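In the numbering used here, the protein residues as written are 110 to 310.
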């Protein structure tokens, strides 16, 4: 794996600015030692990186020193909060957990499914009787299925072929006759009922 020098140069400039600010803030500028350099080279070889620019080692050392100084600063604040004079292993572990360095970033799917099942197994709280707005009864709500009217499949061409009269806005003639007959019968029936009520029969 080959890392180009142009990318390293740009990364080195950016890292130098931020690392310089952090070093000025912490007032701790360590000098790289042979032991630290050998550790970084061993990490690169373990990752399968054999061909790299020599400046990569110094960039990784800067990152190592910055991370270590930040963790020690957090651990010191935790130790002082607990009333201790010396930083111990527990303070460093808490600082590492707070920084999130050891977190994978992507949660496990099995754990998420387990948490979701446990959460969904809990019943929902009961809604108070006087909470929020109340909906009317179902018959007053638009919850019924939609009704679509479909007319006859006969087309205008079929009606013209059968010489059927086309009327717009008027019922057929036989329907008018039936309606008139029904109206006359209802009138006579109503008149007969009124005479019966009048005579008291």
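Cβ atoms here follow ideal geometry from the backbone N, Cα and C, with glycine treated the same way. Fair warning: this is a prediction, and the values are worked out from it, not measured in the lab.
| Check | Outcome |
| --- | --- |
| Beta-carbon proximity of residue 200 to residue 184, cut-off 8 Å | yes |
| 8 Å Cβ cutoff met for residue 170 and residue 145 | yes |
| Backbone secondary structure at residue 186 - three-state DSSP | helix |
| Inter-residue Cα distance where the pair is residue 143 and residue 173 | 14 Å |
| Where the alpha helix (DSSP H) containing residue 143 begins and where it ends | 143-155 |
| Simplified DSSP assignment, three categories, for residue 193 | coil |
| CB of residue 180 within 8 Å of CB of residue 208, strictly | yes |
| Residue 202 (DSSP reduced to helix, strand or coil) | helix |
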